[in-house]
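Report on one structure; see the data block that follows.
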Amino acid sequence: MKLYYDPASTVCRPILLFLADHDLPVELIHVDLAKQENRAGWYLEINPNGMVPALVDGGFSLTESATILRYFADLAGAAAYPAEARARAKVDEALDWFNTSFYRDHGYGLVYPQILPHYAVLGGADRLAFHAERAAARLDVLDRHMIGDRPFVAGDSLSIADYFGAGLVTMGDMIGYDLLPYPNVRRWLATMAVRPGWDQANAAFHGWRSAVRAAA
Ligand SMILES: N[C@@H](CCC(=O)N[C@@H](CS)C(=O)NCC(=O)O)C(=O)O
């Protein structure tokens, strides 16, 4: 299987962390977003959205990071994507929440317009303030309702929603997002950050983060 990815991508980092924990025969192929390789003709034939990640497994292909995570988890028979219907539905609920409600306001509404030139058009003080307020409300839901006094976002066990959500929430590091008001989120992220594959899976992101901070 070939996974087309960029190591700094918000939605690729969770897959890299999952692969660090699960033994799957995946060949990693770097599609360098900084060089706009995602817009090259050869890549658009693989993913016409011009985005990473994309998976090609023989004649079968998948786009959408959360779907790839689910597929990998099924292939690995991972406990991180439980088979029991209600447990699985709670994981799916958290994945969908991160990918829609949270990502829209925190990622596309707040962080990306401040650090990615091609999203700057979504910036402006009013828009940023609008999304900042909504992102804070989402984080409050994550902190008090999804995590609460539990260790993970979809129950008592590590799930692919934790892999996914940790990638999205840490995107806020790029703009120095203050997680102080969200103690359960900080505790949860600390749990994820000691996973053996964390540093490697996030190395490119941390390099990018240092560069953004140095330029600020
Ligand atoms: N819904 C897609 C979104 C993928 C996505 O946003 N990928 C970003 C990197 S984090 C990308 O490739 N951006 C390229 C661009 O916007 O030109 C998924 O979850 O896979």
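Each residue of the sequence shown is one higher than the one before, counting from 42 in this note's numbering. The beta carbon of each residue, even a glycine, is placed where N, CA and C say it ideally should be.
| query | result |
| --- | --- |
| Integer-rounded CB distance, given that Ile156 should sit under 8 Å from Val253 | 6 Å |
| Minimum length 4: unbroken alpha helix (DSSP H) runs contained in the segment 186-240 | 201-211, 224-234 |
| Whole-angstrom C-beta distance between Tyr149 and Leu163, which should lie under 8 Å | 7 Å |
| Identity of the residues DSSP links to Phe139 by a beta bridge | Note: Phe139 sits in no beta bridge, so no partner. |
| Unbroken stretches of the alpha helix (DSSP H), 4 residues or longer, contained in the segment 102-147 | 106-117, 126-138 |
| Beta-carbon proximity of Tyr46 to Pro94, cut-off 7 Å | yes |
| Where Asp203 falls, given that 16 or more other Cβ within 10 Å makes a residue buried | buried |
| Three-pair Cβ contact test at 8 Å for the segment 124-136 versus the segment 200-215 | yes |
| Classification of Leu209 by the beta-carbon crowding that lies within 10 angstroms, buried from 16 upward | buried |
| Classification of Asn90 by the beta-carbon crowding that lies within 10 angstroms, buried from 16 upward | exposed |
| Given 8 Å, three or more beta-carbon pairs between the segment 229-244 and the segment 56-63 | yes |
| Glu86 CB to nearest heavy atom of ligand 1 below 6 Å | no |
| Closest by C-alpha distance to Asp181, when choosing among Met215, Tyr160, Pro154, Leu221 | Leu221 |
| Own chain partners of Ser198 with C-beta closer than 7 Å, once the 5 adjacent residues on each side are dropped | Ala120 |
| Whole beta strand (DSSP E) elements within the segment 67-95, 3-residue minimum | 68-71 |
| Of the residues Arg127, Leu44, Thr232, Asp219, the one placed nearest Tyr112, counting alpha carbons only | Leu44 |
| Delimiting residues of the alpha helix (DSSP H) encompassing Tyr153 | 153-156 |
| Cβ neighbour criterion (16 or more within 10 Å) applied to Ile159 | Residue identity check: residue 159 is His in the sequence provided, not Ile. When all chains shown are included, His159 counts as exposed. |
| Cβ shell of Met215 (< 7 Å), same chain only, five flanking positions each side left out | Val152, Ile156, Arg250, Val253 |
| Heavy atom of ligand 1 within 6 Å of Asn225 beta-carbon | no |
| beta-carbon Asn79 near ligand 1 non-hydrogen atom, thresh 6 Å | yes |
| Outcome for Ala166 when other beta-carbon atoms lying within 10 angstroms are tallied against a minimum of 16 | exposed |
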